[in-house]
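Take a look at the structure set out below.
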Amino acid sequence: MRIILTIIISLFAFSGYAQQTTVTNVRYWTSPTNIRVVIDLTGEVSYQVKESAAPPEIIITIENTQSNKQELLVNNTTIRQISVSQEKAAPLTNENTSCIKIGLTKKTSFNMFQLKKYQDKPVRLVIDINIPDVKKALPVSKKEIERIKQRAKIVVIDAGHGGEDPGAIGPSGLQEKDVVLSIARKLADYFNQKQNVRAFLTRDGDYFIPLGERVKLCQQYEGDMFISIHANASYKESARGSSVYVLSTEGASNKAAQLLAHRENMADLIGGIARVDNDTVAGILMDLSQTYAINESIGLAKFTLDNIVSYCHTVFIGVERAGFAVLKSIDVPSVLVETAFISNSKEEKLLATDEFQELMAKAIYEATLKYLGISSSVVSLRSPSRYKYHVVKDGETLWSISAMYDKSAQEIKKFNADIPPSEVIFVGQTLIIP
1 MRIILTIIIS
11 LFAFSGYAQQ
21 TTVTNVRYWT
31 SPTNIRVVID
41 LTGEVSYQVK
51 ESAAPPEIII
61 TIENTQSNKQ
71 ELLVNNTTIR
81 QISVSQEKAA
91 PLTNENTSCI
101 KIGLTKKTSF
111 NMFQLKKYQD
121 KPVRLVIDIN
131 IPDVKKALPV
141 SKKEIERIKQ
151 RAKIVVIDAG
161 HGGEDPGAIG
171 PSGLQEKDVV
181 LSIARKLADY
191 FNQKQNVRAF
201 LTRDGDYFIP
211 LGERVKLCQQ
221 YEGDMFISIH
231 ANASYKESAR
241 GSSVYVLSTE
251 GASNKAAQLL
261 AHRENMADLI
271 GGIARVDNDT
281 VAGILMDLSQ
291 TYAINESIGL
301 AKFTLDNIVS
311 YCHTVFIGVE
321 RAGFAVLKSI
331 DVPSVLVETA
341 FISNSKEEKL
351 LATDEFQELM
361 AKAIYEATLK
371 YLGISSSVVS
381 LRSPSRYKYH
391 VVKDGETLWS
401 ISAMYDKSAQ
411 EIKKFNADIP
421 PSEVIFVGQT
431 LIIP
């Protein structure tokens, strides 16, 4: 009987050990307002969290897990170090417990949650630690923004992805989040050389900002224009070229646009937020002001894509429409620029070069000024609404449309680089009417 009992206990202990989850990695990201610590796991876990006052620490105990001892020396203004240790296995069950200690420089508030496995991301425990004495405010005051608005246009530039969300990754390992941040910084530098244009970045480092927060930043900066920078990807290695997207309230312009919008809208799940704001991601009712903004965005998108193809010699894919969450709730002209295909080995090499990034930034900069009706040397505040936009209907030709607006076909072609030499236009195509 004792032998049988021993065998049963041994089997039970082995079963408990076999089912244990493993702590595979611990890392952190720093943003202007908080530090995010991420713990990778092979499965979902139960955990407890407590705080210690002397020394100030956040202590996380994860049940039934295995881990290797490690220490990360952080030494920033908020965190001293992060340590991982394995506690002794419990009798009978053989269940190990992992302990993660986050040593703080001083006591501060934090938020912790668990994320389920998503795509190539494992189960994660996320701890967002607020940096003490830092107000969650813009780098400029409300009064300063009002002062800028009196003499300048404000352009908000959004570098996609960041931090825990790398975006698309090229064949050689180049990450979208790094490329687009570099282009965004170069673009901001161009704008900020102008007296009458001021650019602000939604992020200026390797950290993640939820899609809804990017929209709020544009609103808080009182942006006159919103430009989101990305790099495209495809399962087809041969896919190449540039495209510019505007928000659609009536579905995507094609299947590829729909898939791309879905991928970009899932950034919150990859980057890691406790829940997705369904109102933002699933859809927002559009009012008249946003309908106006969409129409204006088409003009900006066309100018941008024409310039990119001209400056960077990429393939012209087109101006597309889709329901991007980051473009929703923005009632100013806004575009999402897919600079090139990072999944294409040749375009990945281009994206990695400073020269190509500089050309891309310059192309977007010049296109924005052209859209605003200003030169690259002198900035005015002329309203962009002097352009009209015509959606081609069944039976219409370039010549019939030019007659409708009392313009020559050549004038219209000058503002629409996607019209081929044959002058064949398609139903649903949007034309800029100068």
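Per full-length UniProt numbering, residue 1 is the first one in the sequence shown, and the count goes up by one each step. Note that the Cβ used here is the ideal one computed from N, Cα and C, for glycine as well. No experiment lies behind these values; they were computed from the predicted model shown.
- A Cβ-Cβ distance of about 4 Å is found for the pair S334 and F226, placing them in contact under the 8 Å criterion.
- Listed in chain order, the beta strand (DSSP E) runs fully inside the segment 67-154 are 70-73, 79-87, 97-104, 110-115, 123-130, counting runs of at least 3 residues.
- Taking S297 as the centre and dropping the five residues before and after it, the same chain places the C-beta of V246, P333, S334, V335 closer than 6 Å to its C-beta, in chain order.
- Restricting attention to I412, G373, L398, E366, the CA atom closest to the CA of Q193 is found in E366.
- A residue is called buried once 16 or more other Cβ atoms fall within 10 Å of its Cβ, and A54, having fewer, is exposed.
- Nearest to R185 by C-alpha distance, out of G167, G205, Q195, L174, is G205.
- Less than 7 Å separates the beta-carbon of S67 from that of V23.
- Here Q48 carries a strand assignment [DSSP, helix/strand/coil].
- Spanning the alpha carbons of G241 and V180 requires a straight line of approximately 16 Å.
- Taking C-alpha positions only, E396 is separated from N416 by approximately 16 Å.
- If the five residues before and after D128 are omitted, its C-beta is found closer than 7 Å to the C-beta atoms of N34, R36, F110, N111, all from its own chain and listed in chain order.
- Taking C-beta separations shorter than 8 Å and ignoring five residues to either side along the sequence, the partners of S98 in its chain run V23, T61, I62, T65, Q66, S67, V84, S85, Q86, E87, following chain order.
- In this chain, the alpha helix (DSSP H) harbouring A409 covers 409-414.
- Taking 7 Å as the cut-off, the Cβ atoms of G43 and R80 do not count as close.
- Secondary structure at L247: strand, using DSSP grouped into helix, strand and coil.
- In this structure, G299 lies near Y371, with their beta-carbon atoms less than 7 Å apart.
- The DSSP-derived three-state label of T304 is helix.
- Taking C-alpha positions only, H313 is separated from E57 by approximately 54 Å.
- Closest in alpha carbon position to L174, among K413, E355, F341, is F341.
- Under the DSSP definition of a beta bridge, K393 lacks any partner.
- Per DSSP, L359 is one residue of the alpha helix (DSSP H) stretching across 354-372.
- 7 Å or more divides the Cβ of V126 from the Cβ of K153.
- With 16 or more neighbouring CB atoms inside 10 Å of its own CB, P210 falls in the buried class.
- By the CB criterion at 7 Å, T304 and I229 fall outside the cutoff.
- In the DSSP assignment, L41 falls within the beta strand (DSSP E) that extends over 34-41.
- Within the DSSP secondary-structure output, E320 pairs in a beta bridge with Y245.
- The Cβ atoms of N130 and T108 lie closer than 7 Å to each other.
- In this structure, F191 sits near V155, with a CB-CB distance shorter than 7 Å.
- Secondary structure at Q175: strand, using DSSP grouped into helix, strand and coil.
- Around D158, the same chain offers T202, R214, S228 as residues with beta carbons nearer than 6 Å, after the five sequence neighbours per side are excluded.
- One thing to note: G170 has its Cβ no nearer than 7 Å to the Cβ of E320.
- In this chain, S343 is not harboured by any beta strand (DSSP E), its DSSP state being neither H nor E.
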